[in-house]
Each structure stands twice: as C-alpha cells, then as structure tokens.
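In the numbering used here, the protein residues as written are 20 to 195.
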C-alpha cells in the first residue's frame with residue numbers, strides 16, 4: 020500500500036477530512052500535540068514517539084499521515100502492516116494475513132468531542148479494506164472510553180482485552 024495513493028478526502032457538512040503523508044517538517048507540530056494533556060494521557064514518552072514517527076517516514080511497513088480538516092492539520096494517523104509484528108506481539112496470533120493496525124490522535128484540544136476521531140478512523144479503515152487489507156485493528160487502552168466509542172461508531176467490534184507489549188489493550192477489529 021504505497022503512501023502516494025493514500026490521499027483521501029471525506030466530505031461532510033462539518034468539513035472535509037483528508038490525509039497527507041507525514042514529512043520531517045511536521046515533527047515539531049507532532050511534538051506539540053503529543054504534549055497536549057488529552058494526547059499525553061495515552062501516547063507516553065513524546066520524544067520517543069516523535070523519533071518513531073521520524074523512522075516511519077521511510078518505513079515500508081508503516082504509513083504515517085497528517086490528518087487535515089479543510090486542509091488544516093488537526094491530527095495524526097498511521098496504518099501499520101501487522102504481518103511483520105506477529106512474532107513480537109502474541110495478541111496478533113490468529114489474525115488473518117493482510118491485517119493492518121491504526122494508531123491515531125487528534126492534536127488540538129478544541130477538535131476533540133466533535134466526531135472527528137470516528138470520521139478519520141473510518142476513512143482510513145475503509146481505504147485500507149478497499150485496497151486489500153483483510154482486517155483492520157485498533158488497540159485502545161481499556162480505560163480510554165472516548166476512543167472505544169469512536170471506534171465502535173466507525174464499525175469496529177471488540178475482540179477482547181489483551182496484555183500487549185505496550186500495556187493492556189482492548190483489541191477491536193473491522194472487517195470488509
């Protein structure tokens with residue numbers, strides 16, 4: 020799934036959601052957003068996260084994007100090919116080949132609670148499934164009720180709670 024084909028626009032009465040590939044120039048903005056309390060609560064160690072984002076820019080197994088609302092950046096989303104993670108993550112056992120994972124956050128606090136999380140996750144999941152993914156997973160912390168609600172509204176179903184390398188997670192899936 021090449022990054023160049025990932026520009027996706029989702030028109031809506033509240034604005035158009037789009038994605039553009041993450042670039043080195045975006046990393047300062049990502050660092051600021053990762054420091055926001057509503058993001059830092061779930062995305063720990065901001066410096067490490069920014070370094071991982073930097074490494075994902077040229078990683079063929081991860082597609083990182085800036086999320087746009089009417090061409091204005093407001094979030095981050097990455098789509099990860101999980102076939103390469105099976106040996107490192109026992110919770111992925113039994114998942115079909117061609118499974119992808121989504122990680123995302125909304126940066127500015129004034130954009131949370133408006134349904135944008137549901138819209139951006141739904142748009143990315145639809146694109147991945149339309150491009151041949153067999154399944155798309157998300158793995159919110161079991162205490163992150165807002166994310167879980169957003170994922171359920173985006174068509175994800177609960178598979179169960181697992182102990183993952185990053186900590187406890189509620190594994191949720193969306194199939195074609």
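Heads up, the beta-carbon is just placed ideally off N, CA and C, and yes, glycines get one too. In this text the structure is predicted, and so the values were computed from the model without any measurement.
Checklist entry - Buried or exposed: residue 176, going by 16 or more other Cβ atoms within 10 Å of its Cβ? => result Along the chain shown, one-based indexing puts residue 176 at 157. Residue 176 should be labelled exposed.
N-terminal and C-terminal residue of the beta strand (DSSP E) that residue 180 is part of
Looking up residue 180 in the chain shown gives position 161. First-last of the beta strand (DSSP E) with residue 180: 176-183.
Subject >> Runs of beta strand (DSSP E) lying entirely within the segment 132-171, each at least 3 residues, in chain order >> reply: Within the segment 132-171, the complete beta strand (DSSP E) runs of at least 3 residues are 154-157.
- [ ] Counting only the same chain and skipping the five closest in sequence on each side, list residues whose C-beta sits under 8 Å from that of residue 30.
- [x] Sequence index remark: in the chain shown, residue 30 carries index 11 (1-based). Because the pLDDT of residue 30 is 49, which lies under 50, any placement of that residue in the model is unreliable, and the question is left without a value.
Does DSSP put residue 100 in a helix, in a strand, or in coil?
Residue numbering aside, residue 100 sits at position 81 when the chain shown is read from its first letter. Of the three classes helix, strand and coil, the one that applies to residue 100 here is strand, per DSSP.
Under 8 Å between C-beta atoms of residue 125 and residue 84:
As a working mapping, residue 125 is identified with position 106 in the chain shown. As a working mapping, residue 84 is identified with position 65 in the chain shown. No, Cβ-Cβ distance for residue 125 and residue 84 is not below 8 Å.
ask   = Since residue 53 sits in a beta bridge, which residues does DSSP pair it with?
value = Against the chain shown, residue 53 aligns to sequence position 34. Beta-bridge pairing links residue 53 to no other residue.
Distance between beta carbons of residue 86 and residue 139, contact taken as under 8 Å
Stepping through the chain shown from its first residue, residue 139 is reached at position 120. Stepping through the chain shown from its first residue, residue 86 is reached at position 67. With 8 Å as the limit, residue 139 and residue 86 qualify as a contact, their Cβ atoms being about 5 Å apart.
Is residue 106 helix, strand or coil by DSSP? The residue labelled residue 106 in the question sits at position 87 within the chain shown. The answer is coil: DSSP assigns residue 106 none of H, G, I, E or B.
(message) Considering only their Cβ atoms, is the gap separating residue 186 from residue 151 smaller than 8 Å?
(response) Translated into the one-based positions of the chain shown, residue 151 becomes position 132. Translated into the one-based positions of the chain shown, residue 186 becomes position 167. Contact: no.
Quiz item: Which first and last residues belong to the alpha helix (DSSP H) in which residue 123 is found?
Solution: As a position in the chain shown, residue 123 is number 104, starting the count at 1. Taken as a continuous stretch (DSSP letters only), residue 123 belongs to no alpha helix (DSSP H), being part of the beta strand (DSSP E) at 118-125.
message = Just verifying my parser: in three-state terms, what is the DSSP assignment at residue 20?
response = Position 1 of the chain shown holds residue 20. Its pLDDT being 44, under 50, residue 20 is placed unreliably by the model, and the measurement read from it follows with that caveat. Correct three-state label for residue 20: coil.
**Request:** Below 8 Å CB to CB, which residues in the same chain sit around residue 61 once its five sequence neighbours on both sides are set aside?
**Result:** The residue you call residue 61 lines up with position 42 of the chain shown. Here the set comprises 124, 159, 160, 163 and 166.
**Report entry** N-terminal and C-terminal residue of the beta strand (DSSP E) that residue 39 is part of
**Finding:** As a working note, residue 39 is residue 20 in the chain shown. 36-40 is the extent of the beta strand (DSSP E) around residue 39.
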